[in-house]
Structures are given as structure tokens and as C-alpha cells.
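Asker: According to our numbering, the residues represented by the sequence shown are 621 to 815, in order. This is the structure, below, for whatever I ask next.
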Amino acid sequence: MSFGLGQQDSTKTVFLNQIGPIIDDLPILDSLLIRSIDSTNFKNKIPIEQSTNMKTYPMNASGTFFRGIEMSSQGTGSLNGGLRLQIAGQLSKNIQVSGTVTDESIPIQPDGATAALEELDKVYLNVSHPSNELTAGDITVINNSGKYNNNRRNIVGLRNNFRKNNTSIKTIIGQSKGKYNRLEIKGKDGKQGPY
């Protein structure tokens, strides 16, 4: 039985036909330009010359989207899911780029949900060049500078590593990745315990 409704497949990707303003597809309205062009050969667009010496570089994108069902022995259950997207490739001869978006705790809600960027588990973008490397987003910072000063932090920010000849400059700017929480206790005399 068919109702004549279109089908939607979320696994098919639609690629953009054009990048840039739509005004490029509109007809030219300049009267001076129209008079200088033979009207029999006039088309709505001026042909754009394509450069033949432009080199393309590979860019790979992959990802998974999963759903899970959890059942317990008490008869309760829950639905959850997750998302992992990765991108990696080259922008030019010496510049590589990679990035990740990960969320392992997406609850399934009947009405759908929109997550803010802060709610995602891991989001980062890395751009590297032989003399410089820049990482932005969720960063794991590891400091091994002695017997007692070893630590590992998960932060949100920027990490830069600049190298030139025998000099290396590393900078990290960020803040702790956590949620602010506050607990306020309003006490009453004689109800807080033995104090």
C-alpha cells in the first residue's frame, strides 16, 4: 500500500552544486555589457576559465552513527546512541588537517534533541605544517617534567607548537573541561548533626 509520500534516506549525502553567492547564476543586467555581446550567443553566465595547473589534494571523511538498547533484570531498559565523525587530509603540499567530533551519550528522545557544542564529548581540529602545529578544541595536555610534576589534564582551548631550526616554542591556552556545580546547604539549628 503506497500513500505517494517521498522516502528519505539519511545515509545518502547531497553535495553542493555551487559554493558562493547565488547572484552568480542570475542574468547580467548591465546594458553596456549586453550591447557588446552578440545576443545570439548570449547565455546567462559568463564562462569561468578553469586553471589547469591547480593541484588537488586528498581529503577523507568517515564516521559512524549507532544506537543501542539496554535491558536490565528488573524490567527497565533504555535506548542510547552515539556519533563519531573524523576528517583528515591535505589542504596544500605542506599543510595537513584532521578533526574529530565524538559523542558517546546521545539519548534517544521521541521529539529529537539538539545538542550544544559544549555537550559533545570530544571536538577538535588539528592543522599541521612542517614548522608549526595548531590544535583547537578538546585537548589532552600531558606534562612529564620530573619525578613529582607529572600530570594529565583534559582542557578546552588551543595548543601551538612552533619549530624553527633548533628552537621549539610550545604554548597552551585553555580552561578545564568541566561543568560548574554548586551545592547550597541551608542549615537549621539542631538538625546538622553533632556539631
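Beta carbons are placed, not taken as given, at the ideal position from N, Cα and C, and that holds for glycine.
When the Cα atoms are used, what is the spatial distance from R783 to N714?
Answerer: Those two C-alpha atoms are separated by around 14 angstroms.
Asker: With a threshold of 16 other CB atoms inside 10 Å of the CB of I805, please say whether the residue is buried or exposed.
Answerer: The residue is exposed, with fewer than 16 neighbouring Cβ atoms inside 10 Å.
Asker: Once DSSP output is grouped into helix, strand and coil, what is the label at G701?
Answerer: In this structure, G701 counts as strand in the three-state DSSP scheme.
Asker: For G807, count neighbouring C-beta atoms within 10 Å of its own C-beta (all shown protein chains included) and say buried if the count is 16 or more, exposed if not.
Answerer: Exposed: under 16 other Cβ atoms inside 10 Å.
Asker: Check this for me: beta carbons of T721 and L699, under 9 angstroms apart or not?
Answerer: Looking at the sequence provided, one finds Val at residue 721 rather than Thr. No.
Asker: Would you tell me roughly how many angstroms separate the C-alpha atoms of Q710 and K790, rounded to the nearest one?
Answerer: The straight-line gap from Cα to Cα measures roughly 23 angstroms.
Asker: Have a look at V758 and M691 and give me their C-alpha separation to the nearest angstrom.
Answerer: Sequence check: residue 758 is Asp here, not Val. So the two alpha carbons sit approximately 32 angstroms from each other.
Asker: Please state whether DSSP places R779 in a helix, a strand or coil.
Answerer: R779 falls in the strand class under three-state DSSP.
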